[in-house]
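Each residue of the sequence shown is one higher than the last, beginning at 1 in full-length UniProt numbering.
Read through the structure below, which is laid out as structure tokens, and then see the notes.
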Amino acid sequence: MTPWRSTRSGFDCASGSRGGTLVDPNRRDFHTEVGVPKFMSNAPSLLFINQHYAPDLASTAQHLTDLAEHLVEEGFEVHVLCSRGHYLSGEMDVPAEEMRNGVHVHRVRTTAFGRETTVGRIADYASFFLQVLWRLLKGPRYDAVVSLTTPPLLPVAMAVANLLRGQTYGIWSMDLHPEAEQAVGMIESDGPLGQLLQRLADWSYRQAAFTVDLGPYMKARIRDKGVSEKHLHTIPVWNKKNEVYPIPEEENPLVDEVGLEDEFVVMYSGNAGIGHRFDEVLGAARRLDGHPDIHFLFVGRGPRREEIESFAESRDLSNFTYLDYFPRDQIKYSLSLADVHLLTLRRSFAGIAVPGKLYGILAAGRPVLMVGPEASDSAATIQRQEVGRVVDPGQYNGNGAATDAVVETIGTLYENPERRDVLGERGREVFLERFEQEQCCDQWATLLRKEVGAP
1 MTPWRSTRSG FDCASGSRGG TLVDPNRRDF HTEVGVPKFM SNAPSLLFIN
51 QHYAPDLAST AQHLTDLAEH LVEEGFEVHV LCSRGHYLSG EMDVPAEEMR
101 NGVHVHRVRT TAFGRETTVG RIADYASFFL QVLWRLLKGP RYDAVVSLTT
151 PPLLPVAMAV ANLLRGQTYG IWSMDLHPEA EQAVGMIESD GPLGQLLQRL
201 ADWSYRQAAF TVDLGPYMKA RIRDKGVSEK HLHTIPVWNK KNEVYPIPEE
251 ENPLVDEVGL EDEFVVMYSG NAGIGHRFDE VLGAARRLDG HPDIHFLFVG
301 RGPRREEIES FAESRDLSNF TYLDYFPRDQ IKYSLSLADV HLLTLRRSFA
351 GIAVPGKLYG ILAAGRPVLM VGPEASDSAA TIQRQEVGRV VDPGQYNGNG
401 AATDAVVETI GTLYENPERR DVLGERGREV FLERFEQEQC CDQWATLLRK
451 EVGAP
């Protein structure tokens, strides 16, 4: 078949069944409205909507990609509507329409300022939201539409489409909004704007046919919106057992590359976001500066990276390094650099966010030190499964006592390699039992078959 020229994207396209191929509108089963193609088949049709998708590095993009490709293998017809903007900044060089590993990917053009500024994030959010709403109202119908929660309040667009077109939808609640913005004071919860956004968000959750939450504390918050228990389903996020696994130091090429040979590495990997707290961690780094072996390694980006780097630079910390994200195919090496991993959460974010980095830590077979509230989904997993320690600053009387506990825990793990091994091995076991991609995605497939009435 000769390549065709897309009138929408200007990309040369060729047909194909799997892999990174672009769609051919001359196929007899091709259908399109407002630029959102739908391939007619007897399989149940699903549309997932999220701002990011592969090859983007955003956590939501990675998990959605895993799930979408798994559902294709399970016999679903899967479409994804996303933006062409990069999670970090700028626009990715990707086609507007693509068949990627069996998934029909539809990318809309939006602003692409990235996450470095609040104004830029809001512009990206708003432009994507409007594009989604237009396509939901004018595009083809699906057996089910599933909305993630990036951008914030994206489920509101689903609720509007349900009201005007009767489009069935579900919510994959990665975070709760506007609760997250209220938790950090960006929006006043009792102000007119905060109350309006909260009512809209609560309404969108009540109208959903189903909602997937990430843990009991998040489920409780969603239940408080007036959502019936029968519409709530807990499915954690995951990692892949063959993608992240323990790598011995002598087999890890990043050890020499990063320059951390013979160091005891305390690592924070991932987004340094508004929902995370770093006072105790940075305080511990300052107190341990000068220790001959202990080194703090941060990997990733986020709105608080500049603040963290400024802290280290202003105090001339010699035991601190901050690196950018590694490619996904190097994550197993990156996470295995650590002797102990850090996970942090603000108290106000309990039940609002569930850091997915925990599952990568468990997969890598490393102990975890969490600084955050015990009454949270991550802390409950860590304590119940005995894979690390939780330091809850709210249980200390101030005066640096929580920082003391962080320093003490790091010191204990430094001095007891056998204890580190026990915690790490237990973490890997728990990961394989509960948080491996195959079983989590199987839970999704079972739920979606039930929701669309498929056998």
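Glycine included, C-beta positions come from ideal geometry on N, C-alpha and C.
Computed from a prediction, not measured in an experiment: that's the story for all the values here.
DSSP on residue i, reduced to helix/strand/coil?
| i | result |
| --- | --- |
| H276 | coil |
| Y396 | coil |
| V72 | helix |
| G114 | coil |
| N162 | helix |
| residue 470 | The question about residue 470 has no answer here: the residues shown for the chain are numbered 1 through 455. |
| F431 | helix |
| Y322 | strand |
| D124 | helix |
| D421 | helix |
| E179 | helix |
| G365 | coil |
| G411 | helix |
| G185 | coil |
| N226 | Note that residue 226 is Gly in the sequence shown here, rather than Asn. If DSSP states are grouped into helix, strand and coil, G226 belongs with coil. |
| D442 | helix |
| V132 | helix |
| D202 | helix |
| Q62 | helix |
| I247 | coil |
Would you say residue i and residue j are within 8 Å of each other, going by their C-beta atoms?
| i | j | result |
| --- | --- | --- |
| M218 | S147 | no |
| Y359 | V237 | yes |
| I352 | G275 | yes |
| R107 | R135 | no |
| residue 469 | L362 | The shown model of the chain, from 1 to 455, leaves out residue 469, and the question about it has no answer. |
| V368 | G398 | no |
| Q62 | P151 | no |
| G273 | F210 | no |
| Q395 | N239 | no |
| Q207 | N162 | yes |
| D143 | S45 | yes |
| L57 | Y325 | yes |
| Q385 | R328 | no |
| R286 | T344 | no |
| G194 | Q182 | yes |
| P246 | R121 | no |
| T149 | H177 | yes |
| A380 | A350 | no |
Which residues share a DSSP beta bridge with residue i?
| i | result |
| --- | --- |
| H295 | V265 |
| T344 | V371 |
| A350 | A353 |
| G170 | V146 and F210 |
| L47 | H79 and V145 |
| T234 | D213 |
| D256 | In DSSP, D256 forms no bridge with anything. |
| G290 | For G290, which the question treats as bridged, DSSP gives no partner whatsoever. |
| N239 | E436 |
Alpha carbons only, please: which of the options is nearest the one belonging to residue i?
| i | options | result |
| --- | --- | --- |
| D93 | A112, V255 and V103 | A112 |
| V406 | H63, L288, H104 and V145 | L288 |
| R420 | A123, G365, Y245 and P152 | G365 |
| P248 | L337, N416 and V368 | L337 |
| I235 | G215, D143 and K241 | G215 |
| K138 | A157, D124 and E451 | A157 |
| G226 | W203, K241 and T110 | W203 |
| N101 | T110, H341 and P55 | P55 |
| V331 | L254, I222 and A379 | The residue you asked about is not Val; residue 331 is Ile in the sequence shown. The option with the nearest alpha carbon to I331 is L254. |
| R304 | V391, R286 and L282 | L282 |
| V80 | E179, F48, E69 and C440 | F48 |
| P292 | E306, D279 and D262 | D262 |
| A126 | V103, G259, T110 and N42 | T110 |
| E451 | V145, R141, D190 and A220 | V145 |
| L71 | A96, Y53, A43 and E97 | A43 |
| E69 | L447, C441 and A454 | C441 |
Buried or exposed: which applies to residue i, given that a residue is buried once 16 or more other Cβ atoms fall within 10 Å of its Cβ?
| i | result |
| --- | --- |
| L164 | exposed |
| V119 | exposed |
| S269 | buried |
| N252 | buried |
| L196 | exposed |
| S318 | exposed |
| S228 | exposed |
| R315 | exposed |
| T412 | exposed |
| K357 | buried |
| E77 | buried |
| P393 | buried |
| H31 | Residue confidence for H31 is low, a pLDDT of 42 falling below 50, so the modelled location carries little weight and cannot support an answer. |
| L232 | buried |
Going by the C-beta, is residue i closer than 7 Å to any heavy atom of the ligand MG?
| i | result |
| --- | --- |
| F113 | For the ligand MG, the structure offers nothing, since it holds no ligand at all. |
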